[in-house]
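Worksheet: one structure, shown below.
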Amino acid sequence: MASGAYLDTQAQTQAQAQATTPPPLSSGSGDSESAVPAPPPPPTEAPDAESAKLSVADFGVFNRLAVMMDAYDARTYIHVHGSIDSSISVFIDFYFCYISISISISINISINHNHFRSTWNLLYKACTDSSRPAGMSIRSFVSQGLRLSRALTMHHTIEEQHIFPELAERMPAFAPHEHLITQHEQIHEGLERFDAYLDACASGERELRLSELKEIMDSFAHVLWAHLDDEVRMLGAENMRKYWSKDEILSMNW
Numbered sequence: 059m060a061s062g063a064y065l066d067t068q069a070q071t072q073a074q075a076q077a078t079t080p081p082p083l084s085s086g087s088g089d090s091e092s093a094v095p096a097p098p099p100p101p102t103e104a105p106d107a108e109s110a111k112l113s114v115a116d117f118g119v120f121n122r123l124a125v126m127m128d129a130y131d132a133r134t135y136i137h138v139h140g141s142i143d144s145s146i147s148v149f150i151d152f153y154f155c156y157i158s159i160s161i162s163i164s165i166n167i168s169i170n171h172n173h174f175r176s177t178w179n180l181l182y183k184a185c186t187d188s189s190r191p192a193g194m195s196i197r198s199f200v201s202q203g204l205r206l207s208r209a210l211t212m213h214h215t216i217e218e219q220h221i222f223p224e225l226a227e228r229m230p231a232f233a234p235h236e237h238l239i240t241q242h243e244q245i246h247e248g249l250e251r252f253d254a255y256l257d258a259c260a261s262g263e264r265e266l267r268l269s270e271l272k273e274i275m276d277s278f279a280h281v282l283w284a285h286l287d288d289e290v291r292m293l294g295a296e297n298m299r300k301y302w303s304k305d306e307i308l309s310m311n312w
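To convert, take the position in the sequence shown, counting from 1, and add 58; that gives the working numbering.
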């Protein structure tokens with residue numbers, strides 16, 4: 059073989075070897091052009107506000123209205139200017155306030171969903187057992203029912219006048235004619251019958267019959283229990299954060 063041909067063949071062999079030899083991996087230092095680029099990371103989306111996990115502190119902020127509603131302690135100030143007259147009637151017990159006033163007055167109203175439940179259960183158990191709690195007179199039993207009725211009425215009035223309108227700006231369930239207000243209406247249809255029956259018993263117009271009271275309570279028990287749970291659920295942290303910022307929640311001074 060001629061020397062020129064031999065050199066050409068050797069050059070071709072070297073070129074083929076270079077073409078099939080993989081380039082060296084980069085060690086992080088040296089010529090960046092000789093490094094094999096790392097594959098790009100898979101695309102990721104930043105978590106939105108709804109899916110991000112709340113801290114304990116933030117959960118407490120967003121959940122504050124649910125806690126307030128379930129253990130209601132609303133500082134409600136009622137100002138009615140006038141003079142005292144003989145019609146003033148102020149009834150207050152530890153949890154319930156029913157007020158008929160004609161004088162400037164400031165009252166811290168404490169109304170509690172859980173106390174609604176416990177009072178309802180006391181009355182309803184007596185109806186199902188056909189027997190009042192031991193040691194409780196008819197007058198006391200009837201008074202418990204009337205306090206429950208009037209406290210629920212006041213509680214819902216405060217919500218509809220002072221709380222729901224602000225929430226309804228962003229939360230449709232709190233708007234007029236929507237879910238929660240509709241529940242209020244259904245509850246109060248039952249409460250009117252409940253209140254009228256107990257008023258008649260208190261005045262002596264009729265005798266208290268626990269089976270009759272149970273029938274009235276059964277007529278609106280389902281919507282009342284559902285409402286107490288729905289209201290707290292709608293005001294829970296995971297739902298409230300969809301509509302309001304933390305600062306907005308903190309500014310809701312009810």
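Note that the Cβ used here is the ideal one computed from N, Cα and C, for glycine as well.
- In this structure, A124 lies away from M310, with their beta-carbon atoms at least 9 Å apart.
- In terms of CA proximity to E218, H235 leads the group S198, H235, F252.
- Assigned with DSSP and collapsed to three states, E227 falls in coil, not helix or strand.
- Straight-line measurement puts the Cα of L256 at about 10 Å from the Cα of Q202.
- The beta carbon of L249 lies closer than 8 Å to those of S207, L210, T211, F278 in the same chain, with the five residues before and after it left out.
- Burial is judged here by how many other beta carbons sit within 10 angstroms of a residue's own beta carbon; L225 has at least 16 and is buried.
- Shortest Cα-Cα distance from V200 to any of H285, E296, F252 involves F252.
- Rounded to whole angstroms, the gap between the alpha carbons of R267 and T186 is 11 Å.
- For G294 against N121, the beta-carbon gap comes to about 6 Å, under 8 Å, which counts as contact.
- Between V281 and I239, the gap from beta carbon to beta carbon reaches 9 Å or more.
- No Cβ-Cβ contact shorter than 9 Å links A260 with L180.
- Comparing C-alpha distances from L286 to each of R190, S188, W178 shows the shortest one belongs to W178.
- The shortest CA-to-CA distance from H173 to any of A233, I274, A254, H213 is the one to H213.
- Distances from the CA of F232 to each of S113, D116, D305, Y301 were compared; the closest alpha carbon is that of Y301.
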